[in-house]
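To start, the structure under review is shown below, and the notes come after it.
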Amino acid sequence: MPIHYPRAMLRAHRLHPMELWGPPHVERHEGSRHFQAYTCDIVVKAMSFIRSGGLGASKAILVPHTCDALQGMGSVLGDFLDPDQRVLTLYLPRGRRGSDHEFLQSELRRLATTLVEVSGYEPSRADWDEAFEAEDAADRALADLYQRRDRLAISDRDFYTVVRSREYLTAEQFCQQAAALPEGDPPERGVGLMISGIVAEPALFDQIEAMGAHIAGDDLACGFRRVYSVSAQADPFERAAYRLLTSPADPTCGTPIQARVETLEARMRALGARGLLIYDPKFCEPELFDVPLLRKHLGACGFPVLHVEFEMGDRLPHQTLSRIEAFVETLS
626 MPIHYPRAML RAHRLHPMEL WGPPHVERHE GSRHFQAYTC DIVVKAMSFI RSGGLGASKA
686 ILVPHTCDAL QGMGSVLGDF LDPDQRVLTL YLPRGRRGSD HEFLQSELRR LATTLVEVSG
746 YEPSRADWDE AFEAEDAADR ALADLYQRRD RLAISDRDFY TVVRSREYLT AEQFCQQAAA
806 LPEGDPPERG VGLMISGIVA EPALFDQIEA MGAHIAGDDL ACGFRRVYSV SAQADPFERA
866 AYRLLTSPAD PTCGTPIQAR VETLEARMRA LGARGLLIYD PKFCEPELFD VPLLRKHLGA
926 CGFPVLHVEF EMGDRLPHQT LSRIEAFVET LS
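This is the structure we're talking about:
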């Protein structure tokens with residue numbers, strides 16, 4: 626489950642992660658039986674998917690404490706439903722202090738003990754080195770994609786298709802895909818938007834392009850928020866903790882609002898974005914807490930903000946598209 630987890634640790638234990646972001650085509654019914662009506666679609670639809678046998682080939686389900694809804698999902702799975710897979714949890718700190726680093730290292734050591742039981746394999750020093758080398762290369766490839774965005778002759782949809790392929794490809798496969806993108810002049814573009822939130826489905830990028838706009842940059846949990854820093858600490862748990870605790874500003878990690886505002890303002894000016902579109906699944910509390918202050922402070926800096934909540938589905942509602950189109954027109 627999203628968002629932040631130790632990729633290199635899984636690889637060192639000979640496990641491959643496949644991320645589950647609430648498949649939009651899955652019905653809510655089965656998942657809704659286990660959660661309150663105000664639980665987001667990522668959790669509810671993922672639970673429906675799991676209960677329907679969609680994860681039959683997997684060995685374990687890792688649920689990071691990204692938010693209270695996901696923590697609740699981990700509890701429901703582990704304490705009540707007893708799925709075929711082992712249910713693993715990871716409690717992420719909500720700060721970047723020394724104590725947060727120590728706490729996360731302890732959590733990672735706890736998780737590693739369980740991973741040995743799941744995989745039946747105890748990593749060697751060579752396994753750790755190989756895993757960090759591969760995953761660091763993929764992290765650098767993702768960061769490089771964002772650096773090269775204006776020099777890639779691809780649409781926004783194509784760009785984010787590759788960015789999100791990091792959710793299921795191996796590190797090597799992702800690096801190959803990123804390196805293969807053609808360079809040149811990007812397609813004709815309209816007004817630039819910064820898009821923020823948890824996740825955006827591919828069809829949204831097509832619709833924004835049809836409205837005469839483009840994504841100048843993103844602050845998405847499935848995108849830029851996972852441009853991690855790499856390091857070379859000798860201890861693998863210290864190294865994994867450093868990676869997770871040096872991610873960009875992120876409300877699910879407890880980033881102070883002032884830091885988020887300053888980061889977004891600087892990036893929007895640098896990328897030429899005219900306004901901020903906050904695009905969130907309904908009931909996403911970590912995001913909702915920040916919206917009023919983002920609107921207030923970015924508005925004072927000259928950047929209008931539109932907040933849209935959506936329910937995951939195969940099609941985007943006309944009401945949602947109309948609101949975004951009207952927002953784009955005000956920026957043109």
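Under this note's numbering, residues 626 to 957 are what the sequence shown spells out, in order. C-beta: ideal position from N, C-alpha, C; glycine also.
Within the model, the alpha-carbon separation for Leu896 versus Arg750 is close to 42 Å. In the DSSP assignment, Thr714 falls within the unbroken beta strand (DSSP E) covering Arg711 to Leu715. Here DSSP, grouped into helix, strand and coil, assigns Ala898 to coil. Distances from the CA of Ala637 to each of Ala865, Ile949, Glu950 and His690 were compared; the closest alpha carbon is that of Ala865.
Cβ-Cβ separation between Pro876 and Asp915: approximately 5 Å, consistent with a contact (criterion under 8 Å). Check the Cα spacing between Glu934 and each of Glu912, Phe952, Tyr853 and Ser854: the tightest is with Glu912.
Following the DSSP letters along the chain, one finds Leu680 in no alpha helix (DSSP H), marked with neither H nor E. In the DSSP assignment, Leu777 forms a beta bridge with Glu808.
Between the beta-carbon of Ala898 and that of Met819 there is about 4 Å, and that keeps the pair under the 8 Å contact cut. Three or more beta-carbon pairs drawn from the stretch 741-750 and the stretch 627-643 are found closer than 8 Å, and the two stretches are therefore classed as touching. Glu727 counts as exposed, since fewer than 16 other C-beta atoms from the protein chains shown sit within 10 angstroms of its C-beta.
If one requires a minimum length of 3 residues, the beta strand (DSSP E) runs lying completely within the stretch 812-864 are 816-822 and 838-845, in chain order.
Check the Cα spacing between Asp783 and each of Ser677, Ala828 and Gly697: the tightest is with Ala828. Look at the beta carbons and you see the stretch 662-679 not touching the stretch 803-812: under three pairs across the two are nearer than 8 Å. Cys926 counts as exposed, since fewer than 16 other beta carbons sit within 10 angstroms of its beta carbon.
Put simply, of Glu758, Gln710, Gly720 and Phe849 the residue whose alpha carbon is nearest the alpha carbon of Glu742 is Gln710. In this structure Leu901 is not in contact with Leu918, their Cβ atoms being roughly 12 Å apart against a cut-off of 8 Å. In the three-state scheme derived from DSSP, where H, G and I count as helix and E and B as strand, Phe728 is classed as helix. Per DSSP, the unbroken alpha helix (DSSP H) holding Glu758 starts and ends at Arg750 to Gln772.
With a contact defined as Cβ atoms closer than 8 Å, Cys878 and Trp646 miss out at about 18 Å. A straight-line Cα-Cα distance of about 42 Å links His839 and Ala859. For Gly720, the closest C-alpha among the options Thr691, Val651 and Val855 is that of Thr691. Within its own chain, the residues whose Cβ lies closer than 8 Å to the Cβ of Asp781, once the five positions on either side in sequence are excluded, are Phe830, Ile833, Glu834, His839 and Ile840, listed in chain order.
Assignment of beta-bridge partners to Ile903 by DSSP yields Ser821 and His932.
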